[in-house]
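Since the structure comes first, as structure tokens, the remarks are kept for the end.
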Amino acid sequence: MQKQRYLIIKAASALAGNERGAAIIEYIGFFPLVLLVLVIAWQFVLVGYTGIIAASAAREGARAAATRENVDRAVRNASPGFDGRRWWQPLAGYPCSDYSSHPVTIQVQLEVPHVLFPFVGSLGNYPKVTQRATVRCEPPPIARVDVNPERMREV
442 MQKQRYLIIK AASALAGNER GAAIIEYIGF FPLVLLVLVI AWQFVLVGYT GIIAASAARE
502 GARAAATREN VDRAVRNASP GFDGRRWWQP LAGYPCSDYS SHPVTIQVQL EVPHVLFPFV
562 GSLGNYPKVT QRATVRCEPP PIARVDVNPE RMREV
């Protein structure tokens with residue numbers, strides 16, 4: 442009986458003391474959680490990036506409106522990679538009238554790209570980032586007069 446008890450205790454301690462492979466099992470169980478945290482963090486980075494691009498596009502659009510250039514082209518060039526996911530609209534003072542210095546405001550809206558759950562886009566729930574920029578209208582350029590000192594002597 443004593444020997445049998447000794448063998449049972451020895452076998453139980455051998456099983457309890459053998460932890461070979463336990464670390465890999467813990468790693469495999471924990472790895473999906475680490476990936477999920479990384480994907481969520483990357484999604485927040487994409488939201489910040491989209492905000493920076495939207496602010497830049499709004500400034501470029503307002504600058505183009507103030508100088509009477511093509512606003513759509515300026516917004517499109519300032520937000521590459523957002524084709525079909527960008528909208529702009531004038532909020533005030535567009536188009537600039539001649540010889541005025543009133544403000545013009547342009548609003549740009551961009552959809553945030555998805556890393557997590559790309560099927561959400563099929564539901565039409567893409568988050569959007571909206572930025573506005575206001576710039577004073579500039580007067581149209583004045584024709585430059587070529588003043589050549591030699592020509593003035595001839596006259």
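Residue numbers for the sequence shown follow our numbering, beginning at 442 and rising by one.
Where a beta carbon is used, it is the ideal one built from N, C-alpha and C, also for glycine.
Exposure label - residue i; buried when at least 16 CB within 10 Å
i              : result
isoleucine 494 : buried
valine 488     : exposed
valine 570     : buried
arginine 500   : buried
valine 596     : Low local confidence applies: a pLDDT of 46 at valine 596 is under 50, so the model's placement there is unreliable, with the coordinate-based value given in what follows. Exposed, by the Cβ-count rule.
glycine 534    : buried
alanine 464    : exposed
Beta-carbon separation (whole angstroms), residue i vs residue j, contact threshold 8 angstroms
i              : j           : result
tryptophan 528 : valine 512  : With a Cβ gap of about 12 angstroms, tryptophan 528 and valine 512 do not count as contacting.
valine 576     : alanine 507 : 4 angstroms
glycine 483    : valine 553  : In the sequence under discussion, the amino acid at residue 483 is tryptophan, which differs from the glycine named in the question. No, tryptophan 483 and valine 553 are not in contact; Cβ-Cβ is about 12 angstroms, not under 8 angstroms.
cysteine 578   : serine 541  : 6 angstroms
For residue i, the three-state DSSP class (helix, strand or coil)
i             : result
arginine 577  : strand
proline 536   : coil
valine 570    : strand
proline 473   : helix
glutamate 467 : helix
glutamate 552 : strand
arginine 527  : strand
threonine 508 : coil
Span separating the alpha-carbon of residue i from that of residue j
i              : j              : result
isoleucine 449 : arginine 461   : 21 angstroms
histidine 543  : glutamate 510  : 16 angstroms
asparagine 496 : valine 516     : At residue 496 the sequence reads alanine, which differs from the asparagine that was named. When rounded, the distance between both Cα atoms is 10 angstroms.
valine 486     : tyrosine 567   : 15 angstroms
asparagine 518 : isoleucine 481 : 29 angstroms
threonine 491  : arginine 514   : 18 angstroms
Cβ shell of residue i (< 8 angstroms), same chain only, five flanking positions each side left out
i           : result
alanine 503 : Val545, Thr546, Ile547, Ala574, Thr575, Val576
Cutoff 6 angstroms; reference residue i; Cβ partners in own chain excluding five residues on either side
i                 : result
phenylalanine 523 : Leu551
glutamine 572     : Ala495, Ala496, Ala499, Val549
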